[in-house]
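Chemist:
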Amino acid sequence: MYALCGGNQKFVIPVYRYMLLLFRSFKVKLAARMPTEMKWDAQKFSSNFSNRRGLIENALMEYPLNWKSGDCIIDIGSGTGDVTKHLLLNLSPYISEVVGVDCSQDMVQFATENSGDPRISYAVANIAEKSTLKPEWISRFDKLFSFYTMHWIRDQVQTLRNMNSILKVGAEIFLFFTASHYKELQYASTKITLDPEWKEYFMNFDPQILYLNPSWQAENLWWSSSDQAKGYADIVQQCGFDVVKANVHPVCTQYGSEERLKEVLSGWIPHMASVPKEKKASFMNRFFQYLKEAGLQTEWKNLILCVHAIKISEVS
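The sequence shown begins at 36 in this note's numbering and counts up one residue at a time.
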């Protein structure tokens with residue numbers, strides 16, 4: 036009934052307590068080695084809306100869509116709902132309904148509570164997983180928008196096919212997402228996962244994002260193409276769309292201070308999900324040191340891939 040502990044010391048504890056201690060220790064060590072699902076900080080993500088708003092507004096003006104009365108639109112990766120409510124809903128007086136979709140329950144709840152409107156509804160679904168899409172969405176929408184989302188998706192072809200399935204023939208899509216290789220982020224990610232103080236949290240770290248995941252990049256040859264826009268447009272056309280326009284745009288966002296940039300980054304970098312809550316601030320400081328070593332300043336340089344296309348056929 037008892038287990039001996041401590042070498043020659045006559046210290047005993049009940050076996051069940053000894054096994055419980057071992058089990059708890061095992062769980063802690065295992066948790067540090069298991070891949071962690073990304074958990075968004077909706078409040079911090081929403082605070083970055085002002086920085087993203089101008090870029091999105093400019094893109095929407097450069098890629099105008101054709102509107103008609105009663106248009107029903109869907110926003111893929113709607114997040115906190117800021118873009119859904121404050122930009123998309125105001126694009127045309129002809130809009131009858133907007134559906135915001137996100138794979139994060141926390142984001143959908145935040146959007147419902149903070150970005151509501153009688154014409155907007157929010158739902159949890161993952162556009163990369165067709166089984167999560169509601170049956171009533173099939174061939175329903177006239178317009179599909181997606182901002183800062185496609186770089187979080189591994190299987191681009193299947194996702195584009197899923198998008199095709201929820202659109203009417205003749206419907207338009209506008210995709211806006213990161214195409215930058217982010218050498219500073221790649222450097223910081225590599226360094227932090229090898230850092231003696233932090234490496235225990237990243238034993239099996241698998242960043243679920245294109246520009247930090249070599250295996251994802253290997254499956255998406257367009258990513259490393261010398262002409263990303265053409266490479267991606269070819270994929271879009273294979274999925275039942277006619278591409279109207281596709282371009283890569285260099286952009287630069289000024290954050291003004293290191294603290295502001297750290298706050299923005301901490302709201303979305305995938306590493307944060309692997310770090311205990313009480314250590315997140317310390318982790319972010321160290322991560323930012325590595326970013327500075329790689330040359331990052333308070334301005335954030337980026338490449339944005341924009342694609343405007345029209346659905347011309349169904350795909351099986």
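In this text, a Cβ means the ideal position worked out from N, Cα and C, and glycines have one as well. Keep in mind that this is a model prediction, so the values were computed, not measured.
#1: Along the chain, where does the beta strand (DSSP E) containing Thr288 start, and where does it finish?
#2: Quick test of the definition: if touching needs 3 or more C-beta pairs under 8 Å, does the stretch 85–101 touch the stretch 331–344?
#3: Decide if Thr225 is buried, meaning its Cβ has at least 16 other Cβ atoms within 10 Å, or exposed.
#4: Residues in its own chain within less than 7 Å of Ile155 by CB, not counting five upstream and five downstream?
#5: Please state whether DSSP places Glu207 in a helix, a strand or coil.
#6: Which residue spans inside the stretch 85–132 form an unbroken beta strand (DSSP E) run of at least 3?
#7: Over the uninterrupted beta strand (DSSP E) stretch that includes Phe323, give me the two end residues.
#8: Please list the terminal residues of the continuous beta strand (DSSP E) segment that includes Ile270.
#9: Counting pairs of beta carbons, one from the stretch 193–213 and one from the stretch 343–351, are three or more of them closer than 8 Å?
#10: Under DSSP, the alpha helix (DSSP H) around Phe145 begins and ends at which residues?
#11: For Pro242, which residues from the same chain have a beta carbon less than 6 Å from its beta carbon, with the 5 sequence-adjacent residues on both sides left out?
#12: Would you report the Cα separation of His216 and Tyr246, rounded to the nearest angstrom?
#13: What three-state label does DSSP hand Lys178 in the structure shown?
#14: Between the Cα of Arg196 and those of Glu294, Val271 and Lys312, spot the shortest distance and give me the residue it belongs to.
#15: With DSSP as the reference, label Trp299 as helix, strand or coil.
#16: According to DSSP, is Ala66 helix, strand or coil?
#17: Rounded to a whole number of angstroms, what is the C-alpha to C-alpha distance between Tyr325 and Tyr222?
#18: Just how far apart, CA to CA, sit Tyr53 and Ala214?
#19: Just the C-alpha distance for Lys178 and Cys107, rounded to the nearest angstrom, thanks.
#20: Going by alpha carbons, who is nearest to His284 out of Gln263, Asp269, Glu298 and Tyr290?
#21: How would you write the range of the alpha helix (DSSP H) that Asn197 sits in, first residue to last?
#22: Do you know how far the Cα of Leu202 is from the Cα of Val299?
#23: Please report how far the alpha carbon of Gln191 lies from the alpha carbon of Tyr157, in whole angstroms.
#24: I want to see whether chain B comes within less than 8 Å of Glu232, judged by CB atoms only; does it?
#25: If you count every other CB in all the chains shown that lies within 10 Å of the CB of Asn320, and 16 or more means buried, which is it?
#26: Any idea which residues DSSP pairs Leu340 with across the strands?
#27: Kindly list the residues whose CB is nearer than 8 Å to the CB of Lys64, restricted to its own chain and excluding five residues on each side of it in sequence; keep chain order.
#28: Decide yes or no for the touch test of the stretch 158–172 against the stretch 137–144: beta carbon pairs closer than 8 Å, at least 3 of them.
#29: Looking only at its chain, what residues have a beta carbon closer than 7 Å to the beta carbon of Asn282, apart from the 5 residues adjacent to it on each side?
#30: Pull up the distance between the alpha-carbon of Gly114 and that of Phe211, whole angstroms please.
Modeler: This is what the structure holds:
#1: Note, Thr288: beta strand (DSSP E), Phe276 to Gln289.
#2: The stretch 85–101, when compared against the stretch 331–344, does touch it at the 8 Å Cβ threshold.
#3: It is exposed - the Cβ of Thr225 has fewer than 16 other Cβ atoms within 10 Å.
#4: The beta carbon of Ile155 sits closer than 7 Å to the beta carbons of Thr119, Lys120, Leu124, Val133 and Gly135 from its chain, once the five residues preceding and following it are set aside; these are given in chain order.
#5: DSSP places Glu207 in the strand class (E or B) of the three-state scheme.
#6: The stretch 85–132 contains these whole beta strand (DSSP E) runs: 106–111.
#7: Note, Phe323: premise wrong, no beta strand (DSSP E); alpha helix (DSSP H) at Lys315 to Glu328.
#8: Note, Ile270: premise wrong, no beta strand (DSSP E); alpha helix (DSSP H) at Gln263 to Gln273.
#9: Yes, the stretch 193–213 touches the stretch 343–351.
#10: Residues Gln140 to Asn149.
#11: Cβ within range, chain order: Asn248 and Pro305.
#12: So the two alpha carbons sit approximately 5 Å from each other.
#13: Note: Lys178 maps to strand in three-state DSSP.
#14: Arg196 has its Cα closest to that of Val271, out of Glu294, Val271 and Lys312.
#15: For clarity, residue 299 is Val in the given sequence; the question names Trp instead. Three-state result, Val299: helix.
#16: Any reading at Ala66 must be qualified, since the residue scores a pLDDT of 36, below 50, and its modelled position is unreliable; no value is offered.
#17: Cα to Cα, Tyr325 sits roughly 7 Å from Tyr222.
#18: In this prediction, Tyr53 has a pLDDT of 38, which is less than 50 and means its spatial position is unreliable; what the coordinates show is noted afterwards. Between Tyr53 and Ala214, the C-alpha separation is close to 52 Å.
#19: Distance between the alpha carbons of Lys178 and Cys107: 7 Å.
#20: Of the listed residues, the one whose Cα sits closest to His284 is Gln263.
#21: Per DSSP, Asn197 belongs to the alpha helix (DSSP H) from Gln191 to Ser200.
#22: Each residue's alpha carbon lies about 33 Å from the other.
#23: Straight-line spacing of the CA atoms in Gln191 and Tyr157 works out to 23 Å.
#24: Reference to chain B is not applicable here, since this structure consists of a single protein chain.
#25: Around the CB of Asn320, fewer than 16 other CB atoms lie within 10 Å, so the residue is classed as exposed.
#26: When DSSP reads this structure, Leu340 sits in a beta bridge with Phe212 and Val283.
#27: Confidence in Lys64 is poor, its pLDDT being 38 and thus under 50, which makes the residue's placement unreliable; the coordinate value appears in the next sentence. Correct list: empty, nothing qualifies.
#28: Of all C-beta pairs linking the stretch 158–172 to the stretch 137–144, three or more are shorter than 8 Å, placing the two stretches in contact.
#29: The residues Ala264 and Cys341, in chain order, have a CB closer than 7 Å to that of Asn282 in the same chain once the five nearest residues on each side in sequence are set aside.
#30: One alpha carbon belongs to Gly114, the other to Phe211, and they sit about 14 Å apart.
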